[in-house]
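Reviewing the structure listed below.
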Amino acid sequence: MSALGKVVRSGVARRRVQTLVIGLTTLMAVAAAVLGGTLTVVSDAPFDDAFARQHGAHLSLRFDAGKVSAGQLSASGDTEEVSAAAGPFPTATVTPRADKEGPGWPMTVVGRSGPGRDVDEVALLDGRWPVRAGEIVLSADSPLIPEPGRRIALARPSGVPTLTVVGVARSVTRTADAWVLPSQMPALTEPGSGGYQMLYRFTRAGTAARIIAGGKAVTASLPQKAAVGEQSWLTAKKNAERDTALYVPFLVAFGALGLIMSVLVVGNVVASAVGAGTRRIGILKAVGFTPAQVVRAHVGQALVPAAAGTGLGVLAGHLFAVPVLAEAEDAYGTSSLAVAPWVDLAVIAGVLGLVAATAWASALRAGRLRTVDALAVGRNASAERGRWAVRLAGRLPLPQPVALGLARPFARPARALAMGTAVLFGTVAVTFTVGMGASLGEVMKAKAHDVADVTVPEPLPDFGPGGPVADRPRADPAAVAAAVEAAPGTGKYYSAATVRATVSGLTGIAHVIAFTGDASWGGYTMVEGRWIDKPGEAVVPTPFLTATGTRIGDTVTLGGLAEPVTVRIVGEVLDPRNDGMQVFTDVRTLASARPDLTDTSHHIAVTSGTDVAAYVDALNKDLTPLGATARAGGLDGGSDMVVTLDALSATLTSMLVAVAALGVLNGVLLDTRERVREIGVHKALGMTPRQTVTMVITSVVVTGLVAGALGVPLGVTVHGWVMPAMGESAGLRLPDSVIAVYHGAELLPLALGGLLIAALGALLPAGWAARTRTATALRTE
Amino acid sequence: MTTPVIELCEVSRRHDDGPPAVDDVSLTVRPGEAVAILGPSGSGKSTLLNLIAGLDRPDSGTVTVDGVRVDRLGEAASALYRRSKIGMVFQFFNLLDDLTVADNVVLPARLAGTARAEADRRAAELLEDLGIDRHAGAYPGRLSGGERQRVAVARALMNRPPLLLADEPTGALDTAAGQDVSRLLRDLHAEGQTIVLVTHDLALARSCTRRTVRIGDGRITEDVDSRAAAEAAR
Ligand SMILES: Nc1ncnc2c1ncn2[C@@H]1O[C@H](COP(=O)(O)OP(=O)(O)O)[C@@H](O)[C@H]1O
Ligand SMILES: [Mg+2]
Chain A
1 MSALGKVVRS GVARRRVQTL VIGLTTLMAV AAAVLGGTLT VVSDAPFDDA
51 FARQHGAHLS LRFDAGKVSA GQLSASGDTE EVSAAAGPFP TATVTPRADK
101 EGPGWPMTVV GRSGPGRDVD EVALLDGRWP VRAGEIVLSA DSPLIPEPGR
151 RIALARPSGV PTLTVVGVAR SVTRTADAWV LPSQMPALTE PGSGGYQMLY
201 RFTRAGTAAR IIAGGKAVTA SLPQKAAVGE QSWLTAKKNA ERDTALYVPF
251 LVAFGALGLI MSVLVVGNVV ASAVGAGTRR IGILKAVGFT PAQVVRAHVG
301 QALVPAAAGT GLGVLAGHLF AVPVLAEAED AYGTSSLAVA PWVDLAVIAG
351 VLGLVAATAW ASALRAGRLR TVDALAVGRN ASAERGRWAV RLAGRLPLPQ
401 PVALGLARPF ARPARALAMG TAVLFGTVAV TFTVGMGASL GEVMKAKAHD
451 VADVTVPEPL PDFGPGGPVA DRPRADPAAV AAAVEAAPGT GKYYSAATVR
501 ATVSGLTGIA HVIAFTGDAS WGGYTMVEGR WIDKPGEAVV PTPFLTATGT
551 RIGDTVTLGG LAEPVTVRIV GEVLDPRNDG MQVFTDVRTL ASARPDLTDT
601 SHHIAVTSGT DVAAYVDALN KDLTPLGATA RAGGLDGGSD MVVTLDALSA
651 TLTSMLVAVA ALGVLNGVLL DTRERVREIG VHKALGMTPR QTVTMVITSV
701 VVTGLVAGAL GVPLGVTVHG WVMPAMGESA GLRLPDSVIA VYHGAELLPL
751 ALGGLLIAAL GALLPAGWAA RTRTATALRT E
Chain B
1001 MTTPVIELCE VSRRHDDGPP AVDDVSLTVR PGEAVAILGP SGSGKSTLLN
1051 LIAGLDRPDS GTVTVDGVRV DRLGEAASAL YRRSKIGMVF QFFNLLDDLT
1101 VADNVVLPAR LAGTARAEAD RRAAELLEDL GIDRHAGAYP GRLSGGERQR
1151 VAVARALMNR PPLLLADEPT GALDTAAGQD VSRLLRDLHA EGQTIVLVTH
1201 DLALARSCTR RTVRIGDGRI TEDVDSRAAA EAAR
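Structure, rendered in structure tokens:
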């Protein structure tokens, strides 16, 4: 060990900068990999864990009690595909009275005698299961405030005594908003509207096709059209993972970029460090080291800094993961998400393995060189290559240092290629991040519909510590509308009322946004089809189409209102709010259903030349007595998730840019080391430090420009792949306005970004080159 | 009495922890003079030359060249100083292998920002004077040692420096080529060029210069002007 150890230690000490570069590069690579790996893992686990623990239902079906009997349904589970079934459970839609306890939104109640075991075991989070009539368990996701002891009065069906909340529970696939004892159900069911719920687990349920096949099998023996609603666990999974699902393609893209880049740069840095030591290897062999010892010495020399960088990188990765995991915890409603130890281990093993393998391969090559050849390396470095470039650059009307620098990459094409690749990936990362930021901005814009100059938000119930404040005056939308219309300066104007309704073929509740006036200018981004232009038409988001299995041109029936209303879908709109379960229509569509229009917001575009602040002040004088307030700008469109994504991509991009710059630094460092005598000669002939810096920096200009010019289209391509994938995994189709975010004017600075990265990496070695003692440089043979 | 081109005053320079490479040296060189600095290997000759060229800085003492306090110059200023006042010739030529002979020669002028055409004209003239014009387009690797040193001399003279410094210019050459370079230096001196020649070769010193400064362990041990000696003897 002693001789070998000494060689390793002196090697590490002698090549301090290179050692630092190896350490920093591995640090960045490891931090990015830990972060990426962790998020990919946690984005999948919570739902799957809960689903397995609670024996979630692969398929839940709702049946019309008038068309099928409980006995027929019990038998429906006796098919080959079904591994377990639960039900039939009676089910009904009830509407709590809208009062201080909360908004009166319809909800699905299921009668179950207990939380269940083999299928859809409902997890009790608080309280207990009902044991007598008049008791109810609320879902933690229910629109009512889930808190034991609370009493619920129903608006529909009428004549039901108040119910007492005795527990809070959660079904992993959200099979109900609330549960009561089966014996309570008849009282909660309006005549002719009773239903049954059946829950099935299948032997094989991995794909949508298997679920459809399973559904066919269980309904085969039943009367036609008995099933009136269905939910696949895959849909529930998708809904649960919608927010974090956005992260996955993004992380895969960054993870892949980072990984490829780290492999290239770490590999290149290690290989070149060993390659630069070829002469030293020759000397070691000349004094009697065996080739195996030489290889081991160099692998050790690379592993020492790589191990240090890896340790720090794991630490940094964990630090970066903290805020991001907190965000993911919010999204899942879970807590204590952490970096999985196996992610750490895999990253550590992967990176160190890579470093060892690269060092081993290049040391082996160097170790195999005949000793005399190794000793001769660097002494008569071939200057044949790239002479044409030197001549050409010399002809150009450029200052000498610039001409010399520009020609440099052609003398060392392999090295220039390695640096160019690093810059290329850096540029791709920057381009991608800029595009993604712009795209997310567009999504947020579409989501916020904030084109309006002035908004009067809907009077939200004020949830204080003691629950909703009672007796709060709620503005009359008609009065507000009249005030707005009368206000001088009002240009275009519309109002939007939110009404809750059930939808045929959908388990949960959808929001129906009913517009008074023309809302087409309100910032709604169409994916396909057109905006509504007459009553009876509706526009819906992509997840709504997916969940209901409908397409543009189809009709859906809105229930849970005074009367069912059928609307025709004429367009697909980009809107991820409320999981996309929204229907946008004209208020006249709902006329017969007599909706409650309390939740109405008003959106105003002022006439040109109107001072918005003055307008808001004037309008508020009229609105205050009505209990409403106008404010400048659109509705609040902020999102933690977008902020996190933006911050995350900025962090990852800076890391990749740093890795790229380190790659360049390494290359330029080797180059200036190799040319120390040449630079000395220049300085002896009168090259100033500034001219030296110019020469070294211009030596990466061609590389940076080419890499930048290639990196930008590549980054745009990656963005073009990743954004739709992100949308898809969140159940959204993204329109062109979201995907085509690059404009010619932005692309040029992005391409020059490659140059900037290269210049950044060359800056330090350039400074060193300018400062080396000429006399010393000239002494080297 | 003319003002000296070089004036070293009690100059010392020590590298790292070793003994001083140059130890309390004072030396004056007048315009048109040719001085040979003679001494064994490691006696401090190159260090002395580097101090004059502004490539190195003394620990103490002053170095004045053509009125410029060289020991006080910063990096950039010393580069400008070398450009205008100094031409340097080295033992191992120090030509740039990826530039042609002509491009090597114009380099000092190009660094100084001289227009391409004017620099090219001057280079062509020099190459012709030195008899190597037929190699103008060749790369240094193709030339013989003697030819390479001629190229190096041409490059050193490019900016018409008042002072030419040569460090063992024949050290890497065979006898014939050495004599050739020696003749070249003598001709330059005859045309009035001030030259400081560092060598351990007494014959070269004798053939090129009248004045010989001997140096040992960084100190001047002898400073003889043969003509002055001859005159004194007469
Ligand atoms: N850059 C340097 N670093 C350390 N020691 C040096 C350096 N340059 C010269 N020396 C030492 O200074 C002494 C004089 O060297 P030098 O001036 O090159 O002598 P000469 O040219 O007469 O052979 C020697 O002992 C040499 O080892
Ligand atoms: Mg010497």
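Line by line, the protein sequences give chains A and B.
1 is the number of the first residue of the first sequence in this note's numbering; add one for each residue after it.
1001 is the number of the first residue of the second sequence in this note's numbering; add one for each residue after it.
Ideal Cβ positions, reconstructed from N, Cα and C, are used throughout, including at glycine.
task = Using a Cβ cut-off of 9 Å (strictly closer), state whether residue 1199 of chain B contacts chain A.
result = Chain A contact via Cβ: absent.
ask   = Can you list, in chain order, the residues of the stretch 346 to 368 of chain A whose Cβ is nearer than 9 Å to any Cβ on chain B?
value = If the cut-off is 9 Å between Cβ atoms, the stretch 346 to 368 of chain A has nothing near chain B.
query = With a cut-off of 8 Å, do at least 3 Cβ pairs link the stretch 1067 to 1076 of chain B to the stretch 1094 to 1101 of chain B?
reply = Taking 8 Å as the limit for Cβ pairs, the verdict is that the stretch 1094 to 1101 of chain B does not touch the stretch 1067 to 1076 of chain B.
request  = Assign residue 739 of chain A to one of three DSSP states: helix, strand, or coil.
outcome  = Of the three classes helix, strand and coil, the one that applies to residue 739 of chain A here is helix, per DSSP.
request  = Could you check the C-alpha separation between residue 678 of chain A and residue 773 of chain A for me, to the nearest Å?
outcome  = The straight-line gap from Cα to Cα measures roughly 13 Å.
request  = Counting only the same chain and skipping the five closest in sequence on each side, list residues whose C-beta sits under 6 Å from that of residue 1150 of chain B.
outcome  = 1130, 1132, listed in sequence order.
ask   = In the structure shown, what three-state DSSP assignment does residue 1120 of chain B receive?
value = In the three-state DSSP reduction, residue 1120 of chain B falls in the helix class (H, G or I).
query = Using 8 Å as the threshold, is the stretch 681 to 700 of chain A in touch with the stretch 756 to 765 of chain A, meaning 3 or more CB pairs across them?
reply = Taking one beta carbon from each stretch, the stretch 681 to 700 of chain A and the stretch 756 to 765 of chain A have 3 or more pairs nearer than 8 Å; the two touch.
ask   = What separation, rounded to the nearest whole angstrom, lies between the Cα atoms of residue 465 of chain A and residue 93 of chain A?
value = Per-residue confidence for residue 465 of chain A stands at a pLDDT of 34, beneath the threshold of 50, marking its modelled position as unreliable; the derived number appears in the next sentence. Taking the Cα positions, residue 465 of chain A is about 29 Å away from residue 93 of chain A.
inquiry  = Taking the beta carbon of residue 755 of chain A as the centre, do at least 16 other beta carbons fall within 10 Å, making it buried, or is it exposed?
reply    = Buried: at least 16 other Cβ atoms inside 10 Å.
task = Could you tell me the boundaries of the beta strand (DSSP E) in which residue 129 of chain A lies?
result = No beta strand (DSSP E) contains residue 129 of chain A, which DSSP labels as neither H nor E.
request  = Closer than 6 Å by C-beta to residue 151 of chain A: which residues in its own chain qualify, once you throw out the five before and the five after it? Chain order, please.
outcome  = The answer, listed in chain order, is 162, 164.
ask   = Is it the case that the Cβ atoms of residue 358 of chain A and residue 253 of chain A are separated by a distance below 9 Å?
value = Residue 358 of chain A places its beta carbon 9 Å or farther from that of residue 253 of chain A.
task = Can you grab the Cα-Cα spacing for the pair residue 437 of chain A / residue 658 of chain A, in whole Å?
result = Spanning the two alpha carbons is a distance of roughly 20 Å.
message = Ignoring anything shorter than 3 residues, give me the beta strand (DSSP E) runs that lie fully in the stretch 22 to 61 of chain A, in order along the chain.
response = List check, beta strand (DSSP E) in window: nothing returned.
inquiry  = For ligand 1, I want to know if residue 1045 of chain B counts as a neighbour, meaning its beta carbon is within less than 8 Å of at least one of the ligand's heavy atoms.
reply    = Residue 1045 of chain B Cβ: within cutoff of ligand 1.
ask   = residue 679 of chain A by DSSP, collapsed to three states: which one?
value = In the structure shown, residue 679 of chain A falls within a helical segment according to DSSP collapsed to helix, strand and coil.
ask   = Got a sec? Which residues, its chain only, sit under 6 Å from residue 1103 of chain B by beta carbon, not counting five neighbours each side?
value = Counting only Cβ-Cβ distances below 6 Å, and skipping sequence neighbours, we find nothing.
message = Please identify, using Cβ separations under 8 Å, the residues of the stretch 1097 to 1119 of chain B that lie next to chain A, in order along the chain.
response = Of all residues in the stretch 1097 to 1119 of chain B, only 1097, 1098, 1099, 1100, 1103, 1107, 1108, 1110, 1111, 1112, 1113, 1116 come within less than 8 Å of chain A when Cβ atoms are compared, listed by chain position.
ask   = Does the beta carbon of residue 28 of chain A sit closer than 9 Å to a beta carbon anywhere in chain B?
value = Under the Cβ criterion of 9 Å, residue 28 of chain A is not counted among the residues facing chain B.
key: Continuous beta strand (DSSP E) stretch holding residue 1093 of chain B: start and end   = DSSP places residue 1093 of chain B outside any beta strand (DSSP E), giving it a letter other than H or E.
message = Cutting at 6 Å between CB atoms, please list the residues of its own chain near residue 766 of chain A, excluding the five before and the five after it.
response = 693, 696, 697, listed in sequence order.
message = By DSSP's criteria, residue 485 of chain A is part of a beta bridge. Which residues make up the other side?
response = Answer is none; residue 485 of chain A lacks a bridge partner.
ask   = Could you give the residue range of the alpha helix (DSSP H) that holds residue 388 of chain A?
value = Segment 387 to 395, the alpha helix (DSSP H) holding residue 388 of chain A.
query = Are residue 1026 of chain B and residue 1220 of chain B touching if we call contact CB-CB under 9 Å?
reply = For residue 1026 of chain B and residue 1220 of chain B, yes; Cβs fall inside 9 Å.
ask   = Going straight from the alpha carbon of residue 757 of chain A to that of residue 1105 of chain B, what length do you get?
value = Whole-angstrom Cα-Cα distance: 35 Å.
Whole-angstrom distance between residue 576 of chain A and residue 113 of chain A, CA atom to CA atom = In this model, residue 113 of chain A and residue 576 of chain A are separated by some 36 Å (Cα to Cα).
request  = With a threshold of 8 Å, establish whether the CB of residue 1091 of chain B neighbours any heavy atom of ligand 2.
outcome  = Yes, the Cβ of residue 1091 of chain B comes within 8 Å of a heavy atom of ligand 2.
key: Contacts that residue 394 of chain A makes with chain B (C-beta to C-beta distance below 7 Å)   = For residue 394 of chain A, the neighbours in chain B by C-beta distance under 7 Å run, in chain order, 1103.
inquiry  = Check whether chain A comes within 9 Å of residue 1056 of chain B, counting only Cβ atoms and requiring the distance to be less than that.
reply    = Yes - at least one Cβ of chain A is within 9 Å of the one on residue 1056 of chain B.
query = Just reading off the alpha helix (DSSP H) that residue 619 of chain A is part of, what are its end residues?
reply = First-last of the alpha helix (DSSP H) with residue 619 of chain A: 612 to 623.
task = Report the option in B:1028, B:1039, B:1022 whose CA atom is closest to the CA atom of residue 1056 of chain B.
result = Among B:1028, B:1039, B:1022, the Cα nearest to that of residue 1056 of chain B is on B:1022.
query = residue 664 of chain A and residue 411 of chain A look like a contact to me (Cβ under 8 Å); what is the Cβ gap, rounded to whole Å?
reply = Contact doesn't hold; Cβ gap of about 17 Å is too wide.
query = From A:513, A:551, A:511, A:510, pick the residue whose C-alpha is nearest to that of residue 529 of chain A; which is it?
reply = When only C-alpha atoms are compared, the closest one is A:551.
message = On the DSSP bridge list, what partners appear for residue 1211 of chain B?
response = Looking at the DSSP assignment, residue 1211 of chain B forms a beta bridge with B:1035, B:1225.
query = So what's residue 726 of chain A in DSSP terms, helix, strand or just coil?
reply = In the structure shown, residue 726 of chain A sits in a helix (DSSP, three-state: H, G or I).
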